[in-house]
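1259 is the number of the first residue of the sequence shown in the numbering used here; add one for each residue after it. Here a beta-carbon is modelled for each residue, glycine too, at the ideal position from N, C-alpha and C. This one's a predicted model, so the numbers in the text were calculated from it and none came from an experiment. To keep things clear, I will list the structure first and then write my remarks on it.
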Amino acid sequence: MKCPQEFVFAANYLADMARSRSLEFFRGEIGAEVKADTSLVTIADRSVETMMRDAIREWFPDHGIVGEEFPVHNPDAEYQWVLDPIDGTYRFAAGHPQFGTLIALARHRKPILGVIDIPAMDERWSGAHGWPTVHIRQGRRSEVRTRSCTAVKDATVFFCSGIMWRNDPMAVWNGMHGVNRLLDGDSYSYGLLSSGFADVIVDSGMKPWDFMPIVPIIEGAGGRVTDWQGMPLTLDSGIEVVALGDPALLDDVLRRVSAA
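Below, the structure written as structure tokens:
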């Protein structure tokens, strides 16, 4: 089923709104505090998510909303918006420009639309079922594709920070020996993979608002996103994710991470 155009437009308009609001706070007074789960939250996170929630409730009153900062709204809805107002809050709080806003739309709990917006760098990736994945930078819009890479030994691999919270993070790192390994990954890295600049991302400790947006973007560009058992991602998936530019790498990557 092709994602309705009105939803694609709405998601990008939400991203426009979120970008404007987050940049109002960036490198200013953000009121950072530590949540009960030890993650960081700022008044910017809550302000951006509140604004997006209000817009969704006005435009699509029957839809549900799953967001990082507030309780689920209308959890049994056919369509559910999934929101991460500021992905990379520690970077945002430190004045680092590589933070993002993540937006997804799920139908029957499966992702059908995703947006990665990087406000301070003026970059955005958008993908949806039946639509090409596009990258927009400084007003220039282009369709993007992942690149071919049929052997893990030739891959550029990002390890995201969630890996470090595993009981034995080095086992995952060592499982990908012999490749170009980079211990730096966030929403921006998933955009780079969809544009053909990387081949594999290995991640853990993720929540639905982290992984739901990336699925339509990467798969719409020719890649594949699964959990560490090779299963498709839904709102009910666990915390471990692999993203591949070339689906041919899936079996080898899963073998390596499952052995960790």
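Report the partner residues of E1401 according to the DSSP bridge assignment.
V1392
Excluding the five sequence neighbours on either side, which residues of its own chain have a C-beta within less than 6 Å of the C-beta of V1330, listed in chain order?
V1324
How long is the line joining the alpha carbons of A1335 and L1493, rounded to whole angstroms?
13 Å
Relative to the alpha-carbon of D1468, which residue among T1300, L1512, E1326 and R1279 has its alpha-carbon at the smallest distance?
E1326
Is the beta carbon of I1475 sitting closer than 7 Å to the one on W1339?
no
Assuming I1344 is part of the beta strand (DSSP E), what are its boundary residues?
Y1337 to D1345
By DSSP, does S1516 sit in helix, in strand, or in coil?
helix
For R1482, which beta-bridge partners are listed by DSSP?
L1502
Roughly how many angstroms separate the alpha carbons of G1346 and T1408, rounded to a whole number?
31 Å
Taking only the alpha-carbon atoms, compute the straight-line gap between G1562 and L1507 and give it to the nearest angstrom.
Any answer about residue 1562 is impossible in this case: the structure gives the chain only from 1259 up to 1518.
Select from P1262, E1287, I1314 and P1333 the residue whose C-alpha is nearest the C-alpha of A1276.
I1314
Label S1278 either buried or exposed according to how many other C-beta atoms from any shown protein chain fall within 10 Å of its C-beta, with 16 as the threshold for buried.
exposed
Identify which residue in I1376, M1464, L1341 and Q1356 has its Cα closest to the Cα of A1362.
L1341
I need the straight-line Cα distance from W1423 to G1397, nearest angstrom please.
Note that W1423 has pLDDT 47, beneath the 50 cutoff, so the model's placement of it is unreliable and the number below is only indicative. Distance between the alpha carbons of W1423 and G1397 is about 37 Å.
In whole angstroms, give me the CA-to-CA distance for T1300 and R1349.
12 Å
Measuring straight from C-alpha to C-alpha, what distance separates F1601 and W1486?
Shown here, the chain extends from 1259 to 1518; a query on residue 1601 therefore has no answer.
Go ahead and label G1372 buried or exposed: buried means 16 or more other beta carbons lie within 10 angstroms of its beta carbon, across all protein chains shown.
buried
Using DSSP bridges, identify the partner residues of S1384.
V1373 and V1392
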